[in-house]
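**Student:** Take a look at the following structure, please.
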Amino acid sequence: MASVKFVAVSRGLRGIVDYVTNREKTNESLISGVNCLPQTAVEEFQAVKLRFHKTEGRSYYHIVQAFSPDDPLDFATAHEIGVAFAQYFQGYQCLVATHQNTAHIHNHIILNSVSFETGKKFHQSAKEMRQAKEYSNQLCREHGLSVTEAKADPSRIPRWKRKLRRDIRAAMEHSHSREEFIHRLETMGYRVKWEPGQKYITYTTEDNIRCRDSKLFDPTLLRENMELYFAMGGAAYLDTYQEASAENGLGLDDAVWDLSSLLQDFAEEETRYHLETIRHSREELEHILARGGKLDHAQYTVDEEEEYEQAHGFSMGM
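The sequence shown begins at 9 in my numbering and counts up one residue at a time.
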């Protein structure tokens, strides 16, 4: 996903310009000047500072605009986006260079700290900085690229994220497997990246906003819990669970967290289970135990085994 970072720097203008324009990292077609010529950017920056007697303090801002390696993006388009983003800072000179020597295509934007129009020093409040980053996101959306979400805040969930959470839950309640879940979300307009060996599930909305499961602020939707849920049959397991607990009105959260806590309990030695806490069949328990690899560490008993056997059709003595 696209991201933008700002760094204010007091010295070393020549050195940073030499770095971002290094021909091992870029080429002439990917170097541009906004309100200046790239070949003479250093001299033009300095001339503006001298004109307005502002040669001290912050000399320039180094902005890095990076793009996701998963996006369909070529260097020329990335450079076009970088130049358009630099033009957002009206009245200021910028040098834009697109680097092509890493897997992550990215732009370096060197912004003069003094406006050539007003002589004012560049300064942005936190709100203005967010607005600039949102403009970068807007440019990316216009080119069909993914964007970074605003800084995650569990106390202020944006509308798109609330909708994503609702849609994930709806898909879980009607899907019996991971594959069916992904297909169902795709028909709803999302892209889902859920691959072996990766720590997170990543969702991409129709507006190309990406969001990890950990940023949904909903523990039921964490990868480890969803994998356990679908290993138990997903919607089929949920139906069985709700039938067994109909009088208590339990739902998806209860089903997932019962599984999660039960698996954790099975990992502990000498765990004992009692009639009022067990809602799982022998096959389900064996499935969970197999996932936890702790078959030899647990004992399973109930206080009233005869009554349990009559109600469920099997004994819990294992």
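Positions of the beta carbon are idealized from the N, C-alpha and C atoms, including for glycine.
From a predicted model like this one, the values you see are computed outputs, not experimental measurements.
Threonine 48: buried (16+ other C-beta within 10 angstroms of its C-beta) or exposed?
**Tutor:** Position 40 of the sequence shown, counted from the start, is the residue given in the question as residue 48. Exposed, because fewer than 16 other Cβ atoms sit within 10 Å of the Cβ of threonine 48.
**Student:** Does DSSP put asparagine 145 in a helix, in a strand, or in coil?
**Tutor:** As a working note, residue 145 is residue 137 in the sequence shown. Note: asparagine 145 maps to helix in three-state DSSP.
**Student:** Going by DSSP, what residues sit across from threonine 210 in a beta bridge?
**Tutor:** The residue labelled residue 210 in the question sits at position 202 within the sequence shown. Answer by DSSP bridge pairing, in chain order: Lys201, Arg220.
**Student:** Would you identify the three-state DSSP class for asparagine 30, choosing helix, strand or coil?
**Tutor:** Position 22 of the sequence shown, counting from 1, holds the residue named residue 30. Asparagine 30 falls in the coil class under three-state DSSP.
**Student:** With distances taken Cα to Cα, identify the nearest neighbour of tyrosine 208 among Ser222, Asn109, Trp168, His116.
**Tutor:** Indexing the sequence shown from 1 puts residue 208 at position 200. Closest by alpha carbon: Ser222.
**Student:** Which term fits arginine 218, buried or exposed, when burial requires 16 or more other beta carbons within 10 angstroms of its beta carbon?
**Tutor:** Numbered from 1 along the sequence shown, position 210 holds the residue referred to as residue 218. Buried, since its Cβ has 16 or more Cβ neighbours within 10 Å.
**Student:** Could you give the distance in angstroms between the alpha-carbon of methionine 240 and the alpha-carbon of leucine 224?
**Tutor:** As a position in the sequence shown, residue 240 is number 232, starting the count at 1. As a position in the sequence shown, residue 224 is number 216, starting the count at 1. Distance between the alpha carbons of methionine 240 and leucine 224 is about 23 Å.
**Student:** Would the segment 190-199 count as touching the segment 110-123 if we require 3 or more Cβ pairs under 8 Å?
**Tutor:** Cβ pair count under 8 Å is below three, so no.
**Student:** Quick check: the segment 30-45 against the segment 80-94, are there 3 or more CB pairs under 8 Å?
**Tutor:** Touching, yes, given that three or more Cβ pairs across the two stretches are closer than 8 Å.
**Student:** Using CA coordinates, which residue listed in Gln139, Ser144, Asn43, Asp215 is at the minimum distance from leucine 172?
**Tutor:** Position 164 of the sequence shown, counted from the first residue, corresponds to residue 172. Comparing Cα-Cα distances from leucine 172 to each of Gln139, Ser144, Asn43, Asp215, the minimum goes to Asp215.
**Student:** In angstroms with no decimal places, state the Cα-to-Cα distance between alanine 244 and glutamate 187.
**Tutor:** Position 236 of the sequence shown, counted from the start, is the residue given in the question as residue 244. Position 179 of the sequence shown, counted from the start, is the residue given in the question as residue 187. Taking the straight line from one Cα to the other gives about 15 Å.
**Student:** Going by beta carbon distance, what residues of the same chain come within less than 6 Å of proline 227, once the five residues before and after it are set aside?
**Tutor:** For the purposes of this step, residue 227 is identified with residue 219 of the sequence shown, where counting begins at 1. The answer is none, since no qualifying residue turns up.
**Student:** Considering only residues of the same chain and omitting the five flanking positions on each side of glutamate 284, which have a CB-CB separation below 7 Å?
**Tutor:** Sequence index remark: in the sequence shown, residue 284 carries index 276 (1-based). Model confidence at glutamate 284 stands at a pLDDT of 35, short of 50, so the residue's coordinates are unreliable and nothing is read from them.
**Student:** Between the Cα of glycine 197 and those of Ala254, Thr212, Glu203, spot the shortest distance and give me the residue it belongs to.
**Tutor:** Translated into positions along the sequence shown, residue 197 becomes position 189. Of Ala254, Thr212, Glu203, the residue nearest in Cα terms is Thr212.
**Student:** With 16 as the cutoff for other CB atoms within 10 Å, does alanine 319 come out buried or exposed?
**Tutor:** As a position in the sequence shown, residue 319 is number 311, starting the count at 1. Note that alanine 319 scores 39 on pLDDT, short of 50, meaning its location in the model is unreliable and no value can be drawn from it.
**Student:** With C-beta atoms as the reference, is histidine 114 less than 8 Å away from valine 72?
**Tutor:** Locating residue 114 in the sequence shown gives position 106, where the first residue counts as 1. Locating residue 72 in the sequence shown gives position 64, where the first residue counts as 1. In this structure, valine 72 lies closer than 8 Å to histidine 114 by Cβ.
**Student:** Using only the alpha-carbon positions, how far apart do tyrosine 143 and glutamate 136 sit?
**Tutor:** Indexing the sequence shown from 1 puts residue 143 at position 135. Indexing the sequence shown from 1 puts residue 136 at position 128. So the alpha carbons of these two residues sit roughly 11 Å apart.
**Student:** Taking C-alpha atoms, which residue in Gln206, Thr248, Glu251, Ser253 lies nearest to arginine 231?
**Tutor:** The sequence position of residue 231 within the sequence shown is 223, counting from 1. That would be Gln206, whose Cα lies nearest to the Cα of arginine 231.
**Student:** List the residues that DSSP assigns as beta-bridge partners of serine 121.
**Tutor:** Translated into the one-based positions of the sequence shown, residue 121 becomes position 113. Answer is none; serine 121 lacks a bridge partner.
**Student:** Do you know how far the Cα of arginine 164 is from the Cα of alanine 92?
**Tutor:** In the sequence shown, residue 92 corresponds to position 84, counting from 1. In the sequence shown, residue 164 corresponds to position 156, counting from 1. One C-alpha to the other measures close to 31 Å.
**Student:** Nearest CA to the CA of glycine 259: which residue from Thr110, Lys201, Ala178?
**Tutor:** In the sequence shown, counting from the first residue as 1, residue 259 sits at position 251. Checked all of Thr110, Lys201, Ala178; the closest Cα to glycine 259 is Ala178.
**Student:** Quick one: grab the DSSP three-state call for asparagine 233.
**Tutor:** Start at 1 with the first residue of the sequence shown, and residue 233 comes out as number 225. Of the three classes helix, strand and coil, the one that applies to asparagine 233 here is helix, per DSSP.
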